[in-house]
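Residue numbers (UniProt numbering): 1 to 109. Beta carbons: idealized from backbone N, C-alpha and C, even for Gly.
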C-alpha cells in the first residue's frame, strides 16, 4: 500500500509541476506512460468540447461493460467446472455411504 501511495504522490507532483509549466493534461498523462491511450483520447475530446466530466463518464461506462463481459466469460467457464466437481463430490458421498451397505448385504447371503 505504501508503494501505491508513493506512486500517487509522485504522479500528483509530476502533474502539478507540468500543468504549472503550461502542459495540457493529455500530454502529461502520455509522458507518464502508464495510462491507456483510450483514456488520453477521451480526455482530449473532453478538453476540446469543455465537457471532460461527460467524456470520463462515458469512458467509465465503456470500461465497466468490458469488465462485465470478461467476468461473464470467466463465469461461463468456471460454472461447469464447479458443477462437475459438485457432481463428483455427491457421487463420492453416495458411494461412501452405499458401498458398505452392499458389502453387508453380500455377507448376509
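**Request:** If I'm right that residue 59 touches residue 39 with Cβ under 8 Å, what's the distance once you round it to whole angstroms?
**Result:** Taking the chain shown and counting its residues from 1, the one referred to as residue 59 is at position 59. Taking the chain shown and counting its residues from 1, the one referred to as residue 39 is at position 39. With a Cβ gap of about 6 Å, residue 59 and residue 39 count as contacting.
**Request:** Measuring alpha carbon to alpha carbon, tell me which of 83, 78, 101, 31 ends up nearest residue 18.
**Result:** Reading the chain shown from its first residue, position 18 is the one you call residue 18. Checking every option, the nearest Cα to that of residue 18 belongs to 31.
**Message:** Could you give the first and the last residue of the continuous alpha helix (DSSP H) run that contains residue 87?
**Reply:** Position 87 of the chain shown, counted from the first residue, corresponds to residue 87. Its alpha helix (DSSP H) spans residues 52-108.
**Request:** Go ahead and label residue 20 buried or exposed: buried means 16 or more other beta carbons lie within 10 angstroms of its beta carbon, across all protein chains shown.
**Result:** Here residue 20 refers to the residue found at position 20 of the chain shown. Looking at its Cβ environment, which holds fewer than 16 other Cβ atoms inside 10 Å, residue 20 is exposed.
**Asked** Once you ignore the five residues that flank residue 184 on each side, which residues in its own chain have a CB closer than 8 Å to its CB?
**Response** Only positions 1 to 109 of the chain appear in the structure, and residue 184 is not among them; the question remains open.
**Prompt:** Terminal residues of the continuous alpha helix (DSSP H) containing residue 36?
**Reply:** Here residue 36 corresponds to residue number 36 of the chain shown, with the count starting at 1. Premise fails: residue 36 is in no alpha helix (DSSP H) and is neither H nor E.
**Asked** According to the Cβ coordinates, are residue 25 and residue 43 closer than 7 Å?
**Response** Within the chain shown, the letter at position 25 stands for residue 25. Within the chain shown, the letter at position 43 stands for residue 43. Yes; because the gap between Cβ atoms is below 7 Å, this pair is in contact.
**Burial state of residue 37, where buried means 16 or more other Cβ atoms lie within 10 Å** = Sequence index remark: in the chain shown, residue 37 carries index 37 (1-based). By the neighbour-count rule (16 or more Cβ atoms within 10 Å), residue 37 is not buried but exposed.
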